Amino acid sequence: MPRFFAEMIDYPAACIEDTASVRHITGPLRRREGDELAIRVGLQGYRARISSVRAGKVMLEIIAEETLRDRSSRSVHLALCLFDVKELEDSLRSVTELGVADIHPVISARSSIRSITGARFQRWEAIVLEAVKQCERRTIPVLHRPEALPELVRGEARQWGRRLFAHRDAAQALREVQASDAGIVIGPEGGFTEEEVIMMSSDGFVAVSLGGTTLRAVTAAITAVGLLGCES
Ligand code: SAM
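Throughout, the working numbering is defined as the position within the sequence shown, counted from one, plus 1.
In structure tokens, the structure reads:
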């Protein structure tokens with residue numbers, strides 16, 4: 002059962018008014034007046050009872066506080082060089098469930114997509130929120146606007162505790178990296194160019210391997226976030 006985003010009206014009164022959630026609650030979930038729902042307002046979880054459904058709004062009365070948790074205490078930053086839209090959307094869903102802290106869509110030399118529309122970006126934001134709702138994680142990942150790889154490398158990535166890029170031929174295995182804060186760049190289907198490898202390496206990024214076979218970018222992204230976010 003998903004945990005719905007709600008707004009507090011005047012504690013203990015809350016409501017859900019986004020059309021998709023109201024349809025989901027009253028349609029497939031068949032929830033009616035008197036039924037209970039798991040909701041969240043910001044980072045706080047609650048159990049609530051439906052007090053009424055009218056004019057496209059689900060009105061709720063909070064009955065208990067519930068603690069939301071994250072998968073681990075680690076901060077994992079993911080930069081994904083743009084590739085097939087359908088697969089990229091699948092990976093957004095999975096890495097959100099796996100606890101990613103933020104996602105940087107990146108345009109690299111061999112990215113098959115060079116730009117995205119505002120509507121597409123909104124769809125990606127909705128996918129991330131839907132995955133948060135589904136897995137009930139506490140924090141909400143930040144989805145950054147797409148930027149060119151050099152901008153990321155010389156910009157926000159400098160804040161990452163450990164800076165990594167996924168490269169099949171790397172000597173170091175990603176599973177050996179233990180860090181409370183780390184970010185990783187995943188290449189596009191055509192891989193990184195030699196210049197990009199040199200640029201990242203000379204800026205302090207370390208190449209890490211995910212094994213001896215070539216993974217699709219989507220598989221590499223999900224595996225990397227799964228491993229980096231796993232507390233031993
Ligand atoms: N022919 C491309 C190449 O030689 O890089 C294959 C690219 S692969 C389909 C897409 C991206 O996934 C790569 O750029 C890399 O970041 C990541 N990747 C795939 N397999 C990997 C592995 N075994 N270890 C580390 N990264 C991998």
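Glycine included, C-beta positions come from ideal geometry on N, C-alpha and C.
Only a predicted model underlies this, so the values are computations on that prediction, with no experimental measurement involved.
Per DSSP, the bridge partner or partners of residue i
| i | result |
| --- | --- |
| V53 | For clarity, residue 53 is Ser in the given sequence; the question names Val instead. Per DSSP, M60. |
| F6 | R41 |
| E67 | G46 |
| G184 | H78 and R164 |
| S1 | There is simply no residue 1 to check, as the chain begins at 2 and stops at 233 in what is shown. |
| L144 | I104 |
| D11 | A14 |
Backbone CA spacing between residue i and residue j [nearest angstrom]
| i | j | result |
| --- | --- | --- |
| C82 | E232 | 26 angstroms |
| M201 | L130 | 31 angstroms |
| L228 | R176 | 6 angstroms |
| K134 | A15 | 17 angstroms |
| R169 | I187 | 11 angstroms |
| I104 | A222 | 11 angstroms |
| D182 | G162 | 5 angstroms |
| E66 | E126 | 27 angstroms |
| R138 | A132 | 9 angstroms |
| L61 | D85 | 41 angstroms |
| R124 | T140 | 19 angstroms |
| A6 | S22 | Rather than Ala, the amino acid found at residue 6 in this sequence is Phe. The alpha-carbon atoms of F6 and S22 are separated by roughly 8 angstroms. |
Residues of its chain near residue i, where Cβ-Cβ distance is below 8 angstroms and the 5 sequence neighbours each way are ignored
| i | result |
| --- | --- |
| E34 | I51, S52, S53 and V54 |
| E8 | A15, C16, I17, E18 and V42 |
| G230 | R72, S73, R75, V77, L99, G100 and V101 |
| L93 | I104, W125, I128, V129, A132 and L144 |
Neighbourhood of residue i by C-beta, 6 angstroms cutoff - its chain only, sequence neighbours within 5 removed
| i | result |
| --- | --- |
| V207 | L165 |
| R111 | P189 and G191 |
| D204 | V154 |
| P3 | K134 and Q135 |
| A174 | S210 |
Element boundaries [beta strand (DSSP E), containing residue i]
| i | result |
| --- | --- |
| V101 | Where V101 is concerned, there is no enclosing beta strand (DSSP E), given that its DSSP letter is neither H nor E. |
| C16 | A14 to I17 |
Range of the contiguous alpha helix (DSSP H) that encloses residue i
| i | result |
| --- | --- |
| L228 | A218 to L229 |
| P151 | L150 to R155 |
| E197 | E195 to S203 |
| L1 | Residue 1 is absent from the structure shown; the chain starts at 2 and stops at 233. |
Contact check, residue i vs residue j, beta carbons under 9 angstroms
| i | j | result |
| --- | --- | --- |
| F193 | S109 | yes |
| T27 | V59 | yes |
| E37 | P106 | no |
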